[in-house]
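Undergrad: Input: one structure, supplied below.
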Amino acid sequence: MLASANILVGGVFHAAVLFLVAAGLQIVFGVQKIVNLACGSFYALGAYFGISALAWAAAFEVPAIAYIPILVGSGLLLAIVLGPSVERLLRLIYDRDEHFQILLTFALVLIFEDAIRLIWGAVPLQTINVYFAFGELRIASDLAIPNYNLIVIAAAALISAAFGWMLRRTRFGRIVRATAENKQMSEALCVDVSKVYMAVFTLGVALGTVGGALVVPAGAASIDMGVELIVDAFAVVIIGGLGSMPGALIGALIVGFVRSAAIWLYPEFELLAIYVIVITVLIVRPQGLLARTA
Amino acid sequence: MTTSTAPIAARTASAGTLKRALALPALLFLVIFLFPFIAGPHYVILMFSAMGYAIALLGLNLLFGYTGLLSLGHAMFLAIGAYTAGYMTSTRITNFELILLVAVAIGATVAVPIGLLCIRYVKIYFAMLTLAFSMLLYSFLFKFYHLTGGDEGIRIKVPTLTAWDLSGLDTLSVLTGPLYYYVFALLVLLTALMRCLTGSSLGLQLRAIRENQQKAEYLGVNVKRYRLVAFVIAAVYGVLGGVIIAIPVGLADPTIAYWVQSGNLIFMLLLGGYTNFLGPLLGAVVFIFFQDQLMSFTEYWRLTFGVILVMIVIFFPNGLMAAVDRGRWWST
Amino acid sequence: MTLLQAQNVRKLYGGFCALDDVTLTINDGEHVSIIGPNGAGKTTLVNVLTGLVRPTAGNVTFKGYNVVNLGAVRLARLGMARSFQLVNIFPELSVGETIAVAAISHLRHGERFFSSTARNRPVWEIVERVGAIFGFSGKLDQPAKILSQGDKKLLDVASAFALSPEIILLDEPTSGVSTADKSTIMRVLVQAARQMGIKAIIQIEHDMDIVFGYSNRIIAVHNGRILADGSPASIRARADVMATIVGRQYDHA
Chain A
25 MLASANILVG GVFHAAVLFL VAAGLQIVFG VQKIVNLACG SFYALGAYFG ISALAWAAAF
85 EVPAIAYIPI LVGSGLLLAI VLGPSVERLL RLIYDRDEHF QILLTFALVL IFEDAIRLIW
145 GAVPLQTINV YFAFGELRIA SDLAIPNYNL IVIAAAALIS AAFGWMLRRT RFGRIVRATA
205 ENKQMSEALC VDVSKVYMAV FTLGVALGTV GGALVVPAGA ASIDMGVELI VDAFAVVIIG
265 GLGSMPGALI GALIVGFVRS AAIWLYPEFE LLAIYVIVIT VLIVRPQGLL ARTA
Chain B
-12 MTTSTAPIAA RTASAGTLKR ALALPALLFL VIFLFPFIAG PHYVILMFSA MGYAIALLGL
48 NLLFGYTGLL SLGHAMFLAI GAYTAGYMTS TRITNFELIL LVAVAIGATV AVPIGLLCIR
108 YVKIYFAMLT LAFSMLLYSF LFKFYHLTGG DEGIRIKVPT LTAWDLSGLD TLSVLTGPLY
168 YYVFALLVLL TALMRCLTGS SLGLQLRAIR ENQQKAEYLG VNVKRYRLVA FVIAAVYGVL
228 GGVIIAIPVG LADPTIAYWV QSGNLIFMLL LGGYTNFLGP LLGAVVFIFF QDQLMSFTEY
288 WRLTFGVILV MIVIFFPNGL MAAVDRGRWW ST
Chain C
6 MTLLQAQNVR KLYGGFCALD DVTLTINDGE HVSIIGPNGA GKTTLVNVLT GLVRPTAGNV
66 TFKGYNVVNL GAVRLARLGM ARSFQLVNIF PELSVGETIA VAAISHLRHG ERFFSSTARN
126 RPVWEIVERV GAIFGFSGKL DQPAKILSQG DKKLLDVASA FALSPEIILL DEPTSGVSTA
186 DKSTIMRVLV QAARQMGIKA IIQIEHDMDI VFGYSNRIIA VHNGRILADG SPASIRARAD
246 VMATIVGRQY DHA
């Protein structure tokens, strides 16, 4: 009972954050057809920046309730600063072979990793007191779930819902979807495609940085976290299908649960389990479980 | 493109360019051959590693440069080579030749099923699948402590040579002496072999597959089979390179299979130039020496490499060899 | 002798019926033109005949073998070649190399991993011969990507010819070529076919001069169905076909 409840909550928590990052990957791929290997780096940067933001806020003795907005806000701020400049760099190779695009984002992974070392040092950082600052949910005498997990799950759900609403209901969302379908038509209809690309990329970055910021109180910010996340995020995207948002959700849930279950039951098989699933999916249904037929 | 297969009439007319075509490789090999006489032991060991990387890159070049398949998991074969060396040198069987043979056998055996699966997909899916497999190996090596030594890895002792009695020589002398030249001979042999393969119908058909898979099929080229052949050959070269790279390090550990290592391999290939046959060798040498110097200079060498890679991708996608090779793009 | 046979072929794309109950047989010695307005299903028909597209119903056999099960590679081995409507070349390969790929397949030299292609006399003889037939003699070393559109089209056709197939399907082989050159190309094609022992040619064609000037059989396709199938004379006599496809009274002097 204890184990399964922990697995459930842990799984959903993992999945929530993973979905945010994967959604960022998906939308950038869907619109610009670029696979951003550096999404893990943005995640890590979001985590580190979130810690700094919280440390700064602690000097002002803000109440615990402000922690979440501060984390989300710092993630957004970072995205607005980084997103456009990185996008402009990527713009130089939009028309190139996609291999070069992958390699360019790989170069960014290297650059960001050292940037983190430079700014924050190589030792993992942790937030102080944030994780338990919200109390716990007592389910049974021996089972308590920190409310932070639930808050993050709720925040992720809210962000995803807002994101989905934006894509489906707003004018901007329609433009984004149109540009994803057919760039030239969009241009012909006087859509400033470069602005759309910049906005979409920044949005993708934001989903990563906010994800990292939200997750950091539950663990620590370390240099490896970005690289580890890439592997997970790719698993999510492969399982769910490149370009599919519902697929990203399903993929995130699967990967989140498998990770959670593995951690609790068979720690050796944690990564193994995920890859076995990825490979199985790729064998059985190479385009992913829910990919749109391109 | 790479030295293309031209009509015979045209080729005989360009015997001069043939001489020129061989000049640079000959020069490079000469430098490497003389290296132990002109450089200190630290640098000779670096060149030893560079030769190992060059061999691995020759294979990766076949897969990426010629066949157009970007593998983000090639490091898995380097790891297989390293761990084979580790396991075997901890037994009585420490012959270098035997280690290489066993590594090749294991590498090829692993490469066939993985290849069969991966080559069904192209571009990003191929990259992600190969990434997944190498990370699978990484996590296996990491977690199964009792089998693989976990994150501590397995020690690799200096192997023995069948044709040479190494007793009485210390490790450094072996690495800068007999074993160095053994590896050099191997490098020359493998380079010649690769040159032969790429100049054959295999090379031409692989390039056709890279350029236009559908048309290649309609011209009767068995795309799946040749992709698999390229994959397995690349794996074998990778495994050989992995053995060599790991010996001076003296340790086989899981990080060899990490995806960032695969990325470094691609970086080296791009640096040297994947469209040119000598690219792998040049890229490996430049990268290894540059990294060595850079690391003694600053701890932020990743940043430097990242910036360089950005510049290569944007401005010099065909690498150093293109800069050297300028006039001979549509070479005869 | 029957080479290619389609029976009751239907192709549905979702709700759209691209081919509806198509049955035809191609025999030795035929030079067939497939004509019809845009969207009639001509390219879909060729795609189904060459195994690129799987029919929703019905089957296609080539020399007795079901085309879909064979796949492009085995079809090429068996003797079927095709060119494409949209330019389909190997951008970075030279003209000579492109033709060499086909020659290697034809000569079954694909597995010669240890002998140099450059010194493979039989391959280069084919390359030089086919290159000469199609007018590429001075351009064998040029990379395909710098050729003009018309030349790229021609290269696509030339490489298909270099397979020495028994049957060749061409999708608008002269489109993109200037009118003056079209007849030259067609003469070249017919001559090449004769020289290389090609038994049947099928081409999708819009230019009626070429259709009536070179083919000995015309298949008119409209809305996914075969409207008419017969000799040029019999087609010309069918006013309904001429009206639908040609659109006016056609007078060929």
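Residue numbers (the working numbering), protein chains in the order written: chain A, 25 to 318; chain B, -12 to 319; chain C, 6 to 258. Glycine is no exception: its CB is placed at the ideal position from the N, C-alpha and C atoms.
#1: For the stretch 198 to 205 of chain A and the stretch 62 to 78 of chain A, state whether three or more C-beta atom pairs, one from each stretch, are separated by less than 8 Å.
#2: Excluding the 5 residues flanking B/Phe254 on each side, which residues of the same chain have their C-beta closer than 6 Å to its C-beta?
#3: What is the DSSP secondary structure of C/Ser220, reduced to helix, strand or coil?
#4: With DSSP collapsed to three states, give me the class of B/Lys144.
#5: Do A/Leu277 and A/Ala39 have their C-beta atoms within less than 8 Å of each other?
#6: Answer with yes or no whether the minimum CB distance from B/Phe16 to chain A is below 8 Å.
#7: Rounded to the nearest angstrom, what separates C/Ile215 and C/Glu177 at their Cα positions?
#8: Using DSSP's beta-bridge definition, name the partner residues of C/Val27.
#9: Quick one: which chain B residues come within Cβ less than 9 Å of C/Arg87?
#10: Can you check whether the CB of A/Val41 is closer than 8 Å to the CB of A/Val240?
#11: Along the alpha helix (DSSP H) that carries B/Gly90, what are the first and last residues, could you check?
#12: Just to confirm my understanding: we take B/Trp317, look at its own chain, exclude 5 residues before and 5 after, and list those with CB closer than 6 Å. What are they?
#13: Does the count of Cβ pairs from the stretch 111 to 119 of chain B and the stretch 257 to 267 of chain A closer than 8 Å reach three?
#14: Examine chain A for any beta-carbon lying closer than 8 Å to the beta-carbon of B/Pro304, and answer yes or no.
#15: If you check the beta carbons only, do B/Val31 and B/Thr163 fall under 8 Å apart?
#16: Are the CB atoms of B/Ala37 and B/Val223 within a distance shorter than 8 Å?
#17: Can you give me the Cβ contacts of C/Glu97 inside the same chain, cut-off strictly under 8 Å, excluding the 5 residues immediately before and after it?
#18: The beta strand (DSSP E) with B/Pro241 in it runs from where to where?
#19: Quick one: list the residues of chain B neighbouring A/Ala62, beta-carbon separation under 8 Å, in chain order.
#20: Within the same chain, show all residues whose beta-carbon is closer than 6 Å to that of A/Gly54, passing over the 5 residues directly before and after it, in chain order.
#21: Here's the rule I'm using: 16 or more other beta-carbon atoms within 10 Å means buried, otherwise exposed. How should B/Tyr74 be labelled?
#22: Give the C-beta separation of C/Lys47 and C/Gly56 to the nearest angstrom, bearing in mind that I take them to be a contact with Cβ-Cβ under 8 Å.
#23: Given a threshold of 16 other Cβ atoms within 10 Å of its Cβ, counted over all protein chains shown, does B/His29 qualify as buried or as exposed?
#24: Along the stretch 114 to 126 of chain A, where does the CB come closer than 9 Å to a CB of chain B? Name the residues.
#25: Applying the 10 Å Cβ sphere with the 16-neighbour rule, what's the burial state of A/Asp256?
#26: Any idea which residues DSSP pairs C/His259 with across the strands?
#27: Confirm, please, whether the CB-CB distance from C/Ser220 to C/Val37 is below 8 Å.
#28: Taking three-plus beta-carbon pairs below 8 Å as touching, is the stretch 65 to 74 of chain B in contact with the stretch 82 to 93 of chain B?
#29: The beta strand (DSSP E) that contains A/Pro170, what's its start and end?
#30: C/Thr122 CB to nearest chain B CB: under 8 Å?
#31: When you check each C-beta in the stretch 36 to 57 of chain B against every C-beta of chain A, which residues fall closer than 9 Å?
#32: For chain A, find out if any of its Cβ atoms is closer than 8 Å to the Cβ of B/Gly228; answer yes or no.
#33: Assign C/Phe21 to one of three DSSP states: helix, strand, or coil.
#34: Determine which residues of the stretch 278 to 289 of chain B have a Cβ less than 9 Å from any Cβ of chain A, and write them out in chain order.
#35: Less than 8 Å between C-beta atoms, sequence neighbours within five positions excluded: which residues of the same chain meet that for C/Ala23?
#36: Anything in chain C within Cβ reach of B/Gly186, meaning under 7 Å, just list it in chain order.
TA: Taking the structure as given:
#1: no
#2: For this step, residue 254 of chain B is matched to residue 267 along the second sequence. Result list for B/Phe254: Leu296, in chain order.
#3: To locate residue 220 of chain C, count along the third sequence from 1; it is residue 215. In the structure shown, C/Ser220 sits in coil (DSSP, three-state: anything other than H, G, I, E or B).
#4: The residue given as residue 144 of chain B occupies position 157 in the second sequence. DSSP places B/Lys144 in coil when its eight states are reduced to three.
#5: Taking the first residue of the first sequence as position 1, residue 277 of chain A is located at position 253. Taking the first residue of the first sequence as position 1, residue 39 of chain A is located at position 15. Yes, the pair counts as a contact, with Cβ atoms nearer than the cut-off.
#6: Walking along the second sequence from the start, residue 16 of chain B turns up at place 29. For B/Phe16, the answer is no, since every Cβ of chain A falls outside 8 Å of its Cβ.
#7: Position 210 of the third sequence, counted from the first residue, corresponds to residue 215 of chain C. Position 172 of the third sequence, counted from the first residue, corresponds to residue 177 of chain C. Rounded to the nearest angstrom, the two C-alpha atoms are 11 Å apart.
#8: In the third sequence, the residue the question calls residue 27 of chain C occupies position 22. For C/Val27, which the question treats as bridged, DSSP gives the partners C/Val14.
#9: Translated into positions along the third sequence, residue 87 of chain C becomes position 82. The answer, in chain order, is Tyr205.
#10: Here residue 240 of chain A refers to the residue found at position 216 when the first sequence is read from its first residue. Here residue 41 of chain A refers to the residue found at position 17 when the first sequence is read from its first residue. No. Outside cutoff.
#11: Reading the second sequence from its first residue, position 103 is the one you call residue 90 of chain B. First, the amino acid is wrong: residue 90 of chain B is Ala here, not Gly. Start and end: 83 to 105.
#12: Position 330 of the second sequence, counted from the start, is the residue given in the question as residue 317 of chain B. Because the pLDDT of B/Trp317 is 32, which lies under 50, any placement of that residue in the model is unreliable, and the question is left without a value.
#13: yes
#14: In the second sequence, counting from the first residue as 1, residue 304 of chain B sits at position 317. Closer than 8 Å: yes.
#15: For this step, residue 31 of chain B is matched to residue 44 along the second sequence. For this step, residue 163 of chain B is matched to residue 176 along the second sequence. Yes, Cβ-Cβ distance for B/Val31 and B/Thr163 is below 8 Å.
#16: Taking the second sequence and counting its residues from 1, the one referred to as residue 223 of chain B is at position 236. Taking the second sequence and counting its residues from 1, the one referred to as residue 37 of chain B is at position 50. Contact: no.
#17: Along the third sequence, one-based indexing puts residue 97 of chain C at 92. Once the five neighbours on either side are set aside, the close Cβ partners of C/Glu97 are Pro148, Ala149, Lys150.
#18: By 1-based counting over the second sequence, the position of residue 241 of chain B is 254. For B/Pro241, no beta strand (DSSP E) encloses it, and the DSSP letter there is neither H nor E.
#19: Residue 62 of chain A sits at position 38 when you count from the first residue of the first sequence. Result: empty, since nearest Cβ-Cβ is about 10 Å, beyond 8 Å.
#20: Indexing the first sequence from 1 puts residue 54 of chain A at position 30. Ala204, Gly267.
#21: Stepping through the second sequence from its first residue, residue 74 of chain B is reached at position 87. With a 10 Å radius around the Cβ and a threshold of 16 neighbouring Cβ atoms, B/Tyr74 comes out buried.
#22: Residue 47 of chain C sits at position 42 when you count from the first residue of the third sequence. Residue 56 of chain C sits at position 51 when you count from the first residue of the third sequence. That pair is no contact at about 17 Å.
#23: Locating residue 29 of chain B in the second sequence gives position 42, where the first residue counts as 1. With fewer than 16 Cβ atoms within 10 Å of its Cβ, B/His29 is classed as exposed.
#24: Residues of the stretch 114 to 126 of chain A with a Cβ closer than 9 Å to any Cβ of chain B, in chain order: Leu116, Ile117, Arg120, Asp121, Glu122, His123, Phe124, Gln125, Ile126.
#25: Along the first sequence, read from residue 1 onward, the residue named residue 256 of chain A stands at position 232. Answer is buried; the Cβ neighbour count reaches 16.
#26: Lying before the first or after the last residue shown, residue 259 of chain C is absent from chain C, which here runs from 6 to 258.
#27: Taking the third sequence and counting its residues from 1, one reaches residue 37 of chain C at position 32. Taking the third sequence and counting its residues from 1, one reaches residue 220 of chain C at position 215. Between C/Val37 and C/Ser220, the CB-CB gap stays under 8 Å.
#28: yes
#29: Residue 170 of chain A sits at position 146 when you count from the first residue of the first sequence. Segment 167 to 170, the beta strand (DSSP E) holding A/Pro170.
#30: Within the third sequence, residue 122 of chain C is the residue found at index 117, counting from 1. For C/Thr122, the closest Cβ of chain B is nearer than 8 Å.
#31: Phe51, Gly55, Leu57
#32: As a position in the second sequence, residue 228 of chain B is number 241, starting the count at 1. Not an interface residue.
#33: Here the question's residue 21 of chain C lines up with position 16 in the third sequence. Look at C/Phe21 here: in three-state DSSP terms it is strand.
#34: Glu286, Tyr287, Trp288, Arg289
#35: By one-based count along the third sequence, residue 23 of chain C stands at place 18. Excluding residues within five positions, the ones whose Cβ falls inside 8 Å are Lys16, Leu17, Gly46, Thr49, Gly229.
#36: Numbered from its first residue, the second sequence carries residue 186 of chain B at position 199. Neighbours of B/Gly186 across chain C, judged by C-beta separation under 7 Å: Ser121, Thr122, Ala123.
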